[in-house]
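So the structure is just underneath, and the comments pick up after that.
Number of protein chains: 2
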Amino acid sequence: MSKSNKYKLENAEAQMRKGSLEFTILLIISQGEVYASDIIRQLKSHELIVVEGTLYPILSRLNRSGLLDYSWVESESGPPRKYYSLTREGVRALEHMTRVWERMSRSVRQLITQYKKVKS
Amino acid sequence: MSKSNKYKLENAEAQMRKGSLEFTILLIISQGEVYASDIIRQLKSHELIVVEGTLYPILSRLNRSGLLDYSWVESESGPPRKYYSLTREGVRALEHMTRVWERMSRSVRQLITQYKKVKS
DNA sequence: TAAAGGTACCTTGTATTACAAGGTAATATG
DNA sequence: CATATTACCTTGTAATACAAGGTACCTTTA
Chain A
0 MSKSNKYKLE
10 NAEAQMRKGS
20 LEFTILLIIS
30 QGEVYASDII
40 RQLKSHELIV
50 VEGTLYPILS
60 RLNRSGLLDY
70 SWVESESGPP
80 RKYYSLTREG
90 VRALEHMTRV
100 WERMSRSVRQ
110 LITQYKKVKS
Chain B
0 MSKSNKYKLE
10 NAEAQMRKGS
20 LEFTILLIIS
30 QGEVYASDII
40 RQLKSHELIV
50 VEGTLYPILS
60 RLNRSGLLDY
70 SWVESESGPP
80 RKYYSLTREG
90 VRALEHMTRV
100 WERMSRSVRQ
110 LITQYKKVKS
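So the protein lines, in turn, are chains A and B.
So for the first sequence, numbering that gives the first Met the number 0 puts the first residue at 0; every next one is plus one.
So for the second sequence, numbering that gives the first Met the number 0 puts the first residue at 0; every next one is plus one.
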């Protein structure tokens, strides 16, 4: 039984996606009231795929942490929907995350630039 | 007993850092042979803090997956060091990750731009 | 009106993984 | 030779994304 295990390239993508998941979800909610399927749709349109089993626990968590509010709204066709919006604290958290993300992506960008320089 | 749990802002930062951890480690190793403390030092200088207990398992994992090679090199002062370098497969993986990161950070950037537009 | 289909919500179990804490060993120093 | 320093590594824990499966409501259609 070999201990070596081929590296799965998809894994890197999954990790990076996870890293910004809460952040991107808050960004989407900041644009207006949305319910779960809206969020999944929008993330997909940005090539940031997320499934229900991932999203629902995150929304609950962010609600319990005080960053999100929701209200039930009846649908014209189908069961009622839970529409989410940012609380004041959610807005503050989002602003903080934006700064963190910008700083961090700048750092990574620097490393990439060095890498490309070395390569050529 | 309340179910609500205040959101810790540091957590967002930790999540984002984790998302690009393997990637940034490979970027650093791509610049030349380095050992663990070098990597920690460089990450720190980019404000991407990582500790030993995190780094060693990642290095082992990347080695087992065939992305990293290492060789023992005696130090002039202290115990021998394990110097890591990218394998050919590691280089390919790094190139792939770079593309993924660029695509993903572009998506996030778009969402941030929309957010800033709405805010003003 | 009963069945089937669609849409929405949620939960449980599992695997991964970052990290804190603690451990071993080699070399240098007082 | 005792202590400090530098290096490597492991074990236990908590967080968390995701697959899979479940419930409930509403509409359509046979």
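Using N, Cα and C, we set each Cβ at its ideal position, and we do this for glycine too.
Note that the structure is a prediction, hence the values are computed from the model and not measured.
Using beta carbons (cut-off 7 Å, strictly below), is residue i in contact with chain B?
| i | result |
| --- | --- |
| A/Val99 | yes |
| A/Thr112 | no |
| A/Ala35 | no |
| A/Tyr6 | yes |
| A/Val72 | no |
| A/Arg40 | no |
| A/Arg63 | yes |
| A/Leu67 | no |
| A/Leu47 | yes |
| A/Val107 | yes |
Tell me whether residue i sits in a helix, a strand or coil according to DSSP, three-state version.
| i | result |
| --- | --- |
| B/Tyr55 | helix |
| A/Leu26 | helix |
| A/Leu47 | coil |
| B/Tyr69 | strand |
| A/Lys115 | helix |
Could you pull the start and end residues of the alpha helix (DSSP H) that residue i belongs to?
| i | result |
| --- | --- |
| A/Leu85 | Looking at the DSSP string, A/Leu85 is not in any alpha helix (DSSP H); the run it does join, the beta strand (DSSP E), is 80-85. |
| B/Asn10 | 8-18 |
For residue i, decide whether its Cβ has a neighbour in chain A, counting only Cβ atoms nearer than 7 Å.
| i | result |
| --- | --- |
| B/Gly18 | yes |
| B/Lys12 | In the sequence as displayed, the identity of residue 12 of chain B is Glu instead of Lys. It does: the Cβ of B/Glu12 has a partner Cβ on chain A nearer than 7 Å. |
| B/Thr23 | yes |
| B/Val117 | yes |
| B/Leu26 | yes |
With distances taken from CA atoms, which of the options is nearest residue i?
| i | options | result |
| --- | --- | --- |
| A/Gln41 | B/Val117, B/Leu110, B/Lys115 | B/Leu110 |
| B/Glu12 | A/Leu66, A/Lys81, A/Arg102 | A/Arg102 |
| B/Lys89 | B/Glu9, B/Ile39, B/Leu61 | The identity of residue 89 of chain B in the sequence shown is Gly, whereas the question assumes Lys. That would be B/Leu61, whose Cα lies nearest to the Cα of B/Gly89. |
| A/Ala92 | A/Arg108, A/Glu51, A/Val107, A/Glu21 | A/Glu21 |
| B/Glu9 | A/Met15, A/His95, A/Gly65 | A/His95 |
| B/Thr112 | A/Lys7, A/Tyr6, A/Val49, A/Thr97 | A/Thr97 |
Confirm the yes/no value for this check: CB of residue i, any heavy atom of the ligand FAD, distance under 6 Å.
| i | result |
| --- | --- |
| B/Glu73 | Absence of the ligand FAD from the depicted structure is noted, as is the absence of any ligand whatsoever, leaving it without description. |
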